[in-house]
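Working notes for the structure below.
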Amino acid sequence: MDELLEIGKLVNTHGLKGEVKVTPWCDDADIFTRLESVTVNGENHSIENVRFHKGSVILKLDRVDSIDDAERLKNKILYTERSHLGELNEDTYYIKDLIGLEVYEDGQSLGIIDDCFPTGSNDVYVVKSDSGKQILIPAIKQVIKKVDIKNRRMDVELMEGLRDED
109 MDELLEIGKL VNTHGLKGEV KVTPWCDDAD IFTRLESVTV NGENHSIENV
159 RFHKGSVILK LDRVDSIDDA ERLKNKILYT ERSHLGELNE DTYYIKDLIG
209 LEVYEDGQSL GIIDDCFPTG SNDVYVVKSD SGKQILIPAI KQVIKKVDIK
259 NRRMDVELME GLRDED
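Per the numbering used here, residue 109 is the first one in the sequence shown, and the count goes up by one each step.
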């Protein structure tokens, strides 16, 4: 089996016939319309139907036929195989691939990407230094100069005010 990537969270039931409400964790929620199956709780489920409702994805999964079945999946993480997601656009990365990258500015290590969170306009990378300090780096072209997933490195040019000066 291919590597599994998190793509959302099953946050609630929807209706009485086993549909589940998903909060997508991907930029393109339409990806759900192209998937044939997902993994939840270690079990593979074929997707029988996909629709969108108020910013959420509503899925009908095989073997989930009642509200009770759907209730058991509530708050579970939804996964799919990396190969099912297709190619990413240029300068687009999976968060899983960014976590652990060493971040450099002018050849000096700033630390390791420890987390990533969305802000609405762009993601923000949480970089933790060896001393435990955190630097919040916006994922924008003016700051992120180069990402090298293979060599586990990111080069940045921090704007004034982004880094504490000791």
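Each residue gets a CB set at the ideal place from its N, CA and C atoms; glycine is no exception.
The structure presented is a predicted model; accordingly, all values stated were derived computationally and were not measured.
For the 8 Å CB-CB criterion, L124 and I155 do not form a contact. Here M267 is exposed: its Cβ has fewer than 16 other Cβ atoms, across all protein chains shown, within 10 Å. Put simply, the segment 129 to 145 touches the segment 181 to 192. At least three CB pairs are less than 8 Å apart. The alpha-carbon of V255 is positioned some 14 Å away from that of G215. Annotated three-state conformation of D205 is helix, per DSSP. The alpha carbon of L206 has as its nearest neighbour, out of I252, T121 and L193, the alpha carbon of I252. Taking G240 as the centre and dropping the five residues before and after it, the same chain places no C-beta closer than 8 Å to its C-beta. Short of 8 Å from the beta carbon of L113, and not among the five residues preceding or following it, lie these beta carbons of its own chain, in chain order: Y187, T188, E189, R190, L193, Y202 and K204.
Taking every protein chain shown into account, the CB of G150 has fewer than 16 other CB atoms within 10 angstroms, so this residue is exposed. Note on H161: under 16 other CB atoms within 10 angstroms of its CB, so exposed under the neighbour-count rule.
When DSSP states are grouped into helix, strand and coil, R180 belongs to the coil group. The segment 115 to 198 contains, as complete beta strand (DSSP E) runs of 3+ residues, the segments 127 to 132, 145 to 148, 151 to 161, 164 to 169 and 185 to 189 (chain order). A residue is called buried once 16 or more other Cβ atoms fall within 10 Å of its Cβ, and G126 is buried on that count.
A Cβ-Cβ contact shorter than 8 Å links S164 with V130. Counting along the chain, G228 sits inside no beta strand (DSSP E), nor does DSSP assign it H or E at all. Here T121 is buried. Its C-beta has 16 or more other C-beta atoms within 10 Å. The beta carbons of V234 and C224 sit closer together than 8 Å.
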